[in-house]
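These protein sequence lines are chains C and W, in that order.
If you're matching positions, the first sequence starts at 6 in our numbering and goes up one per residue.
If you're matching positions, the second sequence starts at 26 in our numbering and goes up one per residue.
C-beta atoms are modelled at their ideal positions from N, C-alpha and C, and glycine is treated no differently.
Below you'll find the structure, written out as structure tokens, and then a few comments.
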Amino acid sequence: MKAVKKILCAALALLICLVCFAACSGSETEGGTGGDELTRFEDAKLGVVTGSLFGGYSKEQFPNASISEFNNFADVLMALKQGKVEGTMLDRPNFNSVKRTESGLSCLTVPAYSVEIGFGFQKNDGGNTLREQMNGFLQELGESGKLQELLDKWYGETEPQVSVPLNELNDNAKSLKVSIDTTRKPFVYRYNNEPVGFEIEVLYLFCEKYDYKITVEDVSFASGLAGLAGEKYDLVCGGLYMTPERKESVNFSDPYMKADVVMAFFDEGGGGFWSSVGESFEKTFVREGRWKAILQGIGTTLLISVSAVLGGTVLGFLLYLASRSKYKGLSAFARGFARVYSKIITGMPTLVVLMLLFYVVFGKTDLSGVVVAIIGFILTFGSFVYSQLKLTVEGVDVGQTEAAYALGYSRNRTFFRIVLPQAMKMFAPAYSAEIVSLVKATSVVGYIAVEDLTKVGDIIRSNTYEAFFPLIAVALIYFLLTWGISALLDLVRRKTDPRKRKRSFVEA
Amino acid sequence: MIRIEHLKKEYPNVTPLKDVTVTINRGDVISVIGPSGTGKSTFIRCINRLETPTSGEIWVDDECITDKKCDICKVRRKMGMVFQSFNLFPHMTVIENIMAAPMDLNKVSKKEAYEEGMRLLRTVGLADKANNFPDELSGGQKQRVAIARTLAMKPDIILFDEPTSALDPTMVGEVQAVIRDLARQGLTMVIVTHEMHFAREIANRVFYMDEGGIYEEGTPEEIFDHPKREKTIRFIKHIKVFERLIESKDFDFIGFNTALEEFCRKSQTPQKTIYRAQSVFEELCVQILLPVLGEKFNLSVTFEYSQDGEIATMQFVYGGAPFDPNTSENILSLKLIQNAAESVEYEYSEEEGNLVTVKIK
């Protein structure tokens, strides 16, 4: 129990450190009110989302500014709040929705820039058909005045009243595979953990009319575009800007709106961190039942980890057994295969392996991200198990094998009865360490449309514009998970250690 | 019982066994001796096929074990082996080490295996260590457990591969005692060893191995007292005589004394005699001769101990001008030598140079 106390103390200390760090850096925000002139951003630090158009715009408009790239808008906003960047460009609808939760946010219209926004389709016959349907539909909506109504509802300055049940579409209809980027409020975001937003509502009406049903995968729009090119998705949503460059690879619908580009900045410091902890907690965990999403995220993380450990152990073990088979052909094949496969897997970042599997190898199949993630991690873990097994078995003194042979043990029995138990002693510590790092490594699966713990945290951050709290919460949950797992593994190891066994068992 | 015909073992670079033909009879206790690298270990490892012979045949009770179709596992169950490095299974207790093979391979019940195991442990004097793990035992104890483990399979023959070479000198005796006991019970054994007294006393046949085979074979008396062939004679003489050549002042004197002590132990020289011999070497060689000999010289030191008359003699042979150490001005060293030696005789001849013979008390 002492250990538990120690761990909890450490966790608390960690939390306090993070909070202090966050609070301190938050208060560094520049206090100047600034003029209404865009010139104040000429030498400023600007934040942009990687792959968004604003990187280019920022460079054009403010050639002297230094530009930092971030993974999603929530990160940009956090940097903005902390004063790490002084301004960021975004479109007007997005600004309006952020402004509702961040009252300190102001903006200036950047002249000469506006963006056209529309849906993206595949560049082939199927894509063309869908696009024509969508264009006709948008035109109809425009003529009936419904489009303007929807635009006002979602892109206005008041919080929209949300009600879009996605599941009432005809179940037997043809399915459209849609990639959505739910960090793009108000185009697409989450409410009660369901995808909502202007584009979702339009899509829903569209499907109702043309009798489709929808399967969505939540990925960044950059991944969505990659999936579109790989014919994994039929349609990409997420407030997609139509640029000449993108038009080369994406089949765009007619734009449904043209939005101004604004420069957003904070008039004053981001506000006291301490005073808002309670509210942050409420937003992150309680509001819209987000704790359920977090629990699901934990479940997904554990599902992937456990499946990968079990599958990878079996894979690595079988491969190793095959490689020491007495059938020369089989063993030579297994050894060669394992060598090439281990080289490939260990030579690539896990994320890249996952993306390749998801968008290329299984790109045209209906395999869900979770299954692909499990396959990917089984491959990585299997490669670890194989090489570690090889290493530790070879580490057992050859005299042990000879002694067993001399007593009359066969090859196989020698391996299982004498060599393997000794190898396990060296194998076990590395194995548990690898399991723990596997759990942490699964945090990248968000890139392939899996909603694990990290991804859920990201989604919450981009919907609440809460910068730190979800991050810290996620960090703490990971910490507790990995600590729990390693404590469990230690326990198993202690229980199975032959040394700790009661010695006088035979006398009883 | 075991018939070996034209056994040959080749490695890519060396051929330790060229052509070995020999028969081992039931009840034989065979010592295998010879210089290192002459295939002694390879020879007995071929007998239970831990090494696969390149060619030749090995017959065990009318079964040809070099035949591919032979179930070697079954043959090995009747053929025990004791290794230089013990090779006890570290993940099992002592008693489990002994019980494992009978239970796994001979389908002996746990109870029976335990009782037999404890009986064997008692015979090797280690019953109280039954529930210890191997790494809690001394080397000698480990080897005794390894012997008990081998006996648990009730083998017809036991092969010993240098059973005492990895042991501290103090522990050699306890293991040898156990093996001696087995010999008295009439067990067939083949023992590769460097302990010549042990080899001589325990065996009824001795194989001297050299030149890729059994170079000379005979009773212990024949091999140790009246060796016939040239290499055997040289080997037997060499193991009775300790000889070192000293060529410069940078010689490792401490190493010399350590080696001398080790040799004396093996030839069972009394401790007192060892001290005296070391003292004579120290005084005569280091204190008296070295200052006289200059930078480059040839000094040969030999030590011989004969058990029969319990006589130890040391000889110092060196070149250069005639010099009788008895005339040295180093009175103190001379006194010390006289304390340790019965006599110090000096001779000089044109061919041999200076020769000093010291009889140790």
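Check, Outcome
"State yes or no: is the beta carbon of residue 412 of chain C nearer than 8 Å to at least one beta carbon in chain W?", "yes"
"Can you confirm whether residue 380 of chain C, when its beta carbon is compared against all beta carbons of chain W, has any partner nearer than 8 Å?", "no"
"Between the segment 207-224 of chain C and the segment 174-182 of chain C, do at least 3 Cβ pairs fall closer than 8 Å?", "yes"
"Under 8 Å, CB to CB, which of the residues in the segment 416-443 of chain C have a partner in chain W?", "418, 422, 423, 426, 427 and 430"
"Under 7 Å Cβ-Cβ, which residues of chain W neighbour residue 399 of chain C?", "Those within 7 Å of residue 399 of chain C in chain W number zero; the least Cβ separation is about 17 Å."
"Let me know if residue 324 of chain W comes out buried or exposed under the rule of 16 or more other beta-carbons within 10 Å of its beta-carbon.", "buried"
"So what's residue 129 of chain W in DSSP terms, helix, strand or just coil?", "helix"
"Can the beta-carbon of residue 314 of chain C be found closer than 8 Å to that of residue 386 of chain C?", "yes"
"Who are the neighbours of residue 99 of chain W on chain C, taking C-beta pairs under 9 Å?", "413"
"Could you name the residues of chain C that residue 145 of chain W contacts, counting a contact when the two beta carbons are closer than 9 Å?", "Those do not exist, as residue 145 of chain W stays about 14 Å from chain C at its closest Cβ, beyond 9 Å."
"If you draw a straight line from the C-alpha of residue 138 of chain C to the C-alpha of residue 463 of chain C, how long is it?", "34 Å"
"List the DSSP bridge partners of residue 54 of chain W.", "W/214"
"What's the call for residue 304 of chain C, buried or exposed, on a 16-neighbour Cβ count within 10 Å?", "exposed"
"Residue 267 of chain C and residue 95 of chain C: beta carbons closer than 8 Å?", "yes"
"Does the Cβ-Cβ distance between residue 444 of chain C and residue 380 of chain C come in under 8 Å?", "no"
"According to a CB-to-CB cut-off of less than 8 Å, which residues of the segment 484-507 of chain C neighbour chain W?", "503 and 504"
"Which residues of the segment 115-130 of chain W have a Cβ closer than 8 Å to any Cβ of chain C? Give them in chain order.", "115, 116, 117, 118, 120, 121, 124, 125, 126, 129 and 130"
"From this set, C/316, C/450 and C/409, which residue's C-alpha is nearest residue 361 of chain C's C-alpha?", "C/450"
"When DSSP labels each residue in this structure, what does residue 254 of chain W get in the three-state scheme?", "coil"
"At 3 residues or longer, and completely inside the segment 51-106 of chain W: list those beta strand (DSSP E) runs for me, N to C.", "54-58 and 80-85"
"So, does the CB of residue 162 of chain W fall closer than 8 Å to a CB anywhere in chain C?", "no"
"Residue 328 of chain W: which of W/350, W/281 and W/317 sits nearest, CA to CA?", "W/281"
"Could you tell me which of C/253, C/142 and C/164 sits nearest to residue 105 of chain C, measuring between CA atoms?", "C/164"
"So, do the segment 150-168 of chain W and the segment 176-183 of chain W have three or more beta carbon pairs nearer to each other than 8 Å?", "no"
"Output the residue ranges of the alpha helix (DSSP H) runs that lie fully inside the segment 217-245 of chain C and measure 4 residues or longer, sorted by chain position.", "226-234"
"Between residue 304 of chain W and residue 366 of chain W, what straight-line distance do the alpha-carbon atoms span, to the nearest angstrom?", "10 Å"
"Spatial neighbours of residue 55 of chain W within its chain, please: CB distance less than 8 Å, with the 5 preceding and 5 following residues excluded, ordered by chain position.", "49, 214, 215, 216, 228, 229, 230, 231 and 232"
"Out of curiosity, what's the CA-to-CA distance linking residue 420 of chain C and residue 487 of chain C?", "32 Å"
"Under the assumption that residue 494 of chain C contacts residue 440 of chain C (Cβ atoms under 8 Å), give the Cβ distance between them as a whole number of angstroms.", "7 Å"
"Is the distance from the Cβ of residue 75 of chain W to the Cβ of residue 410 of chain C below 8 Å?", "yes"
"Inspect the CB distances between the segment 247-257 of chain C and the segment 128-136 of chain C and report whether three or more fall short of 8 Å.", "yes"
"Any Cβ of chain W within less than 8 Å of the Cβ of residue 480 of chain C?", "no"
"Three or more C-beta pairs closer than 8 Å, one from the segment 104-123 of chain W and one from the segment 162-175 of chain W: is that the case here?", "yes"
"Listed from N- to C-terminal order along the chain, which residues in the segment 67-91 of chain W have their beta-carbon within a distance smaller than 8 Å of any beta-carbon of chain C?", "73 and 75"
"Going by alpha carbons, who is nearest to residue 37 of chain W out of W/79, W/347 and W/270?", "W/79"
"Rounding to the nearest angstrom, what Cα-Cα distance links residue 316 of chain C and residue 352 of chain C in this structure?", "21 Å"
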